[in-house]
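Note sheet for the following structure.
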Amino acid sequence: MISSFSGIAIGVMLGFVNPVALENIGWKYYIVSVVLLIVWIICAWFWFPETKDRSLEKIAQVFDGENALLGEIDKEAANVQTEVIMAKH
Numbered sequence: 008m009i010s011s012f013s014g015i016a017i018g019v020m021l022g023f024v025n026p027v028a029l030e031n032i033g034w035k036y037y038i039v040s041v042v043l044l045i046v047w048i049i050c051a052w053f054w055f056p057e058t059k060d061r062s063l064e065k066i067a068q069v070f071d072g073e074n075a076l077l078g079e080i081d082k083e084a085a086n087v088q089t090e091v092i093m094a095k096h
């Protein structure tokens with residue numbers, strides 16, 4: 008719900024900001040947009056955990072840490088594999 012609201016709010020804001028910015032600073036506004044996009048990509052790369060090719064148990068362990076409910080999976084093996092995957096990223 009929060010992400011939906013944020014996306015809609017940003018879309019509405021940009022609907023008002025983009026025409027004014029393009030009118031005032033012209034083509035330079037594209038540079039501003041590209042710089043902000045690059046900053047967002049860098050933040051996502053470093054702060055969002057990778058969930059590709061992981062089981063739900065391993066994803067739960069990444070987000071919940073030691074408090075994750077792993078079910079039938081061996082906790083020690085999950086810890087070792089998680090550390091190896093996190094070290095690669």
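8 is the number of the first residue of the sequence shown in this note's numbering; add one for each residue after it. Using N, Cα and C, we set each Cβ at its ideal position, and we do this for glycine too. Note that this is a predicted model, so its numbers are computed, not measured.
| Query | Result |
| --- | --- |
| Beta-carbon contacts of Ala-67 that lie in its chain and below 6 Å, excluding the five residues immediately before and after | Ala-75 |
| Pairwise C-alpha distance: Phe-23 and Ile-45 | 22 Å |
| Phe-70, enclosing alpha helix (DSSP H) - first and last residue | 63-71 |
| DSSP-derived helix/strand/coil call for Glu-57 | coil |
| Between the CA atoms of Leu-21 and Gly-14 - distance to the nearest angstrom | 11 Å |
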